[in-house]
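A.B. asks: Encoded as structure tokens, here's the structure I'll be asking about.
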């Protein structure tokens, strides 16, 4: 498909995807900034998981 013949709807979908992705990254970044030791707590949580026989 020729990229110059794209429909306006396709461009709107790309714009919406870019805005959604940016908002998600902004939300995650804000969460890490306002929560002290979040990364360490996440690593401890997954480090403490064990399989039970």
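In the working numbering, the protein residues as written are 4 to 56. Glycine included, each C-beta is placed from N, C-alpha and C at the ideal position.
Would DSSP call residue 15 helix, strand or coil?
C.D. replies: It is helical.
A.B. asks: Measure the alpha-carbon distance for residue 30 versus residue 19 and round it to whole angstroms.
C.D. replies: Cα to Cα, residue 30 sits roughly 16 Å from residue 19.
A.B. asks: Just to confirm my understanding: we take residue 53, look at its own chain, exclude 5 residues before and 5 after, and list those with CB closer than 6 Å. What are they?
C.D. replies: Closer than 6 Å at the Cβ level, and outside the excluded window around residue 53, lies no residue.
A.B. asks: DSSP on residue 33, reduced to helix/strand/coil?
C.D. replies: Helix, per DSSP.
A.B. asks: I need the DSSP call for residue 40, collapsed to helix, strand or coil.
C.D. replies: In the structure shown, residue 40 sits in coil (DSSP, three-state: anything other than H, G, I, E or B).
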